[in-house]
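In my numbering, the protein residues as written are 609 to 750. A virtual CB, placed ideally from N, CA and C, is assigned to each residue, including glycine.
Printed below as a string of structure tokens:
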């Protein structure tokens, strides 16, 4: 009986665990391409990223759209640059306004540059990774 109770408890715990189906994971609108881009922050195109809390919408050298913000000298936030609730088009590129990113096609959705969460949005922004290589060079990748 004790083994049955242990086995039942184990299956009960497994059934309580479910896949993360949050708004952060799978997005049917945005493809998940692998990429890596090194940005020299001394270049005029990226110089805005030398200032904390100054988000910028950038088309990376490999054609990937992104919005990036420096939080501190060792902490950057980067997100897919397309509106997460629309299929990628020329007008669905996110623009920045203060500490928020807004969809280009409409002003319906606004997302926090800190956590990527959009108020009343079905999907949140898709995060990219950022590695600080030196005080003037970062790598953005997926």
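So which of the options has the shortest CA-CA distance to residue i?
i	options	result
residue 677	700, 721, 740 and 703	721
residue 674	682, 657 and 744	657
residue 686	694, 693, 714 and 719	719
residue 751	684, 650 and 654	This structure cannot settle anything about residue 751, because the visible part of the chain is limited to 609 through 750.
residue 635	717, 691 and 654	691
Taking the alpha-carbon positions, what's the residue i to residue j distance?
i	j	result
residue 749	residue 738	6 Å
residue 731	residue 710	13 Å
residue 646	residue 728	34 Å
residue 740	residue 652	18 Å
residue 746	residue 707	20 Å
residue 680	residue 660	6 Å
residue 714	residue 693	11 Å
residue 562	residue 717	Here the chain comprises residues numbered 609 to 750, so residue 562 is not present and cannot be evaluated.
Would you call residue i buried or exposed, if buried means 16 or more other Cβ atoms sit within 10 Å of its Cβ?
i	result
residue 688	buried
residue 701	buried
residue 726	buried
residue 699	exposed
residue 641	exposed
Do residue j and residue i have their beta-carbon atoms positioned less than 8 Å apart in this structure?
i	j	result
residue 666	residue 643	no
residue 704	residue 663	yes
residue 638	residue 734	yes
residue 648	residue 743	no
Going by DSSP, what residues sit across from residue i in a beta bridge?
i	result
residue 734	Note: residue 734 sits in no beta bridge, so no partner.
residue 648	745
residue 688	674
residue 720	708
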